[in-house]
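The sequence shown begins at 285 in this note's numbering and counts up one residue at a time.
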Amino acid sequence: MAEFTGGTGNDTFAVTAADDIIRGLAGADTLTGGGGNDLIYGNQGDDVILLRPTGSTSTFAGNSTLFGGQGDDSINYTGSTGNNIIYGNLGDDTLMGGSGNDTIYGGQGDDVIVATGGNNVLFGGLGNDSITGGTGNDTIYGGAGENRITTGGGNDLVYGNQGDDVILLGVTGTDTLAGNSTLFGGQGDDSIDYTGPTGNNIIDGNLGDDTLTGGNGNDTIYGGQGDDVIVATGGNNVLFGGLGNDIITGGAGNDTIYGGAGNNTIDGGAGSDLIYGNQGNDTITGTSATGNDTVFGGQGDDSIDYSGSKGNNVLSGGQGNDTLIGGTGNDTIYGGVGNDVITATGGDNYLVGGAGVDTLNGGAGNDTFAFAAGDSGLTEATSDLIVGFTTREDKIHLDLVGGPVLRDGAAGNAGYDAQLALANVLISGGQVNVAYVTGSNGNYLFVDTNGNGSVDMSIRLDGAGTTIAQGDLARLTA
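Here's what the structure looks like:
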């Protein structure tokens, strides 16, 4: 093994295929390794370390270890098929690997690291680094600083680490990359854009207010902590907002979306999506004309608006005082616990207010309003309201012992208390379990749900006229 040591000037060394040791020392040195298993130290100065002379297209299979040292160094080993180790160390370095499985450390400074082929491990280190993966399966660590990381076509594993990082897919022209990559944004406000690939990627924003964009495969995206923006483009994706007030948009496929804690804004996009708002006051919309979505608002006062949807959706408000709007399809809408407002715009819908003081508007179509025992109260203030009920078109399903038996009554100009008293008279014989009583302040349906001969639930009907038909009622079944 030959050893070569430079001096204080700008030295030039070029070795051949042997296993050599080259030390540049001071000065701006040019050190060319050749095809052996070389050990090269640039040391002080802005050094240039090459595998082969400029203009040469030869390839070499040696496994070399290269140290840039102090200064802004340029290390270019693009012609190597070996597995090299490259250290930039101090300074703003430019480090280029070959087609083998290289390990490259940027060190301190704002470095440019480029891998071409092979399965590489790339470390940005300190500083604001630009790191580009190759065509193989690379593992990339951004390190401290605001890094720009571009992956290639393999199954890559990327850690942004500290700083506000940008992580991109290196697609040019009409290329389509199919690798399955795993990307971690780390600390800071990161931007990860994986638009285009057909692989199934995992993207984790971690800390910070991140912007995360998936590709055409079946991606899994975690926003983590912070107020994140998550966008899915194609494929059947799983999206997690995590902590913070997130904006989440599904793509063209059948997505599963979890809002997490915080007040989130969610749109499922096209496809038949499954959406969980979870905690917080969420805004969930269905703006796509296609797909049959299932939506759970969760805890909090949620707004679920599917007025732009033509699908047959299932919408559930969950806990809280929710506002739910259906579309033009045949929707099933559950208010849940709380004082909810439910509006169905078109289609033949099934509406359940649930516990609390609810307002239910069926809109156009033949709608069904369903009430379990306890869903509506027994006072004027706690009664549910049905708006736009159309007799002989819409239905009311009631939780009863046996089938519904209806009696009508009129309280004249008397108020709610007189209507309730009259309903108890109509029901007290045990042969009737539903009484429809008109009065000066509205028309009420009074229900004996447990069959004991007394009213225990009342429902106000607005716009139903003075009568309701026996055929409008049915027993609620599980």
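The beta carbon of each residue, even a glycine, is placed where N, CA and C say it ideally should be. As the structure is a computational prediction, the values presented were derived from the model and not from experiment.
Provide the residue span of the alpha helix (DSSP H) that contains residue 702, from first to last. If you look at residue 702, you'll find it in the alpha helix (DSSP H) that goes 700-711.
Residue 299 and residue 314 look like a contact to me (Cβ under 8 Å); what is the Cβ gap, rounded to whole Å? The Cβ separation is near 12 Å, so there is no contact.
Proximity to residue 758 [Cα-Cα], best of 572, 746, 690: Ranking the options by Cα distance to residue 758, first place goes to 690.
Do residue 357 and residue 330 have their beta-carbon atoms positioned less than 9 Å apart in this structure? yes
For residue 487, the nearest candidate out of 439, 297, 529, 447 (CA to CA): 439
Any 3 or more C-beta pairs closer than 8 Å across the stretch 646-659 and the stretch 688-705: no
Can you list the beta strand (DSSP E) stretches of 3 or more residues lying completely in the stretch 649-683, in chain order? 652-655, 668-671, 679-682
Identify every run of the beta strand (DSSP E) within the stretch 558-587, keeping only runs that are complete inside it and at least 3 residues long; order them along the chain. 558-560, 567-569, 578-580
Can you tell which of 577, 575, 576, 600 has its C-alpha closest to the C-alpha of residue 639? Nearest option by C-alpha distance: 600.
Outcome for residue 295 when other beta-carbon atoms lying within 10 angstroms are tallied against a minimum of 16: buried
Taking the beta strand (DSSP E) that residue 360 falls in, what are its first and last residues? 358-360
Between which two residues does the beta strand (DSSP E) carrying residue 442 extend? 441-443
Per the DSSP calculation, residue 692 is bridged to which residue(s)? 720
Please state whether DSSP places residue 286 in a helix, a strand or coil. strand
Among the candidates 495, 507, 349, 624, whose CA atom is the shortest distance from the CA of residue 667? 624
Can you tell me whether residue 348 is buried or exposed, with buried defined as 16 or more other CB within 10 angstroms of its CB? So residue 348 ends up on the buried side.
Environment of residue 738 [buried if 16+ CB atoms lie within 10 Å]: exposed
Cβ-based neighbour list, residue 363, same chain, cut-off 8 Å, excluding 5 preceding and 5 following: 335, 336, 340, 341, 342, 343, 344, 382
Within 9 Å, strictly: CB atoms of residue 581 and residue 557: Against a cut-off of 9 Å, the Cβ pair of residue 557 and residue 581 comes out as no contact.
First and last residue of the beta strand (DSSP E) that includes residue 371? First-last of the beta strand (DSSP E) with residue 371: 369-371.
Use the C-beta contact count for residue 579: other C-beta atoms within 10 angstroms, 16 or more gives buried, fewer gives exposed. buried
What residue range does the beta strand (DSSP E) around residue 475 cover? Element bounds for residue 475: 475-477.
Coarse secondary structure for residue 553, derived from DSSP in three states: Of the three classes helix, strand and coil, the one that applies to residue 553 here is coil, per DSSP.
I believe residue 676 touches residue 756 by the beta-carbon criterion, under 8 Å. Please report the beta-carbon distance rounded to the nearest angstrom. 7 Å
Spatial neighbours of residue 613 within its chain, please: C-beta separation below 6 Å, excluding the five flanking residues on both sides. 594, 595, 596, 631
So what's residue 589 in DSSP terms, helix, strand or just coil? strand
The beta strand (DSSP E) enclosing residue 763, as first and last residue numbers: As displayed, the chain neither begins before 285 nor continues past 762, which places residue 763 out of reach and without an answer.
Which one of 719, 700, 699 has the shortest CA to CA distance from residue 708? 719
Cβ-Cβ distance between residue 433 and residue 405 below 9 Å: no
Quick one: give me the first and last residue of the beta strand (DSSP E) that residue 414 is part of. 414-416
Mind checking whether the beta-carbon of residue 686 lies closer than 8 Å to any heavy atom of the ligand SAH? Ligands in the displayed structure: none, and consequently the ligand SAH is not present.
Along the chain, where does the beta strand (DSSP E) that runs through residue 347 open and close? Segment: none, residue 347 is in no beta strand (DSSP E) and carries neither H nor E.
If you check the beta carbons only, do residue 445 and residue 426 fall under 9 Å apart? The Cβ atoms of residue 445 and residue 426 sit closer than 9 Å to each other.
If we call anything under 9 Å between Cβ atoms a contact, is residue 588 one with residue 616? no
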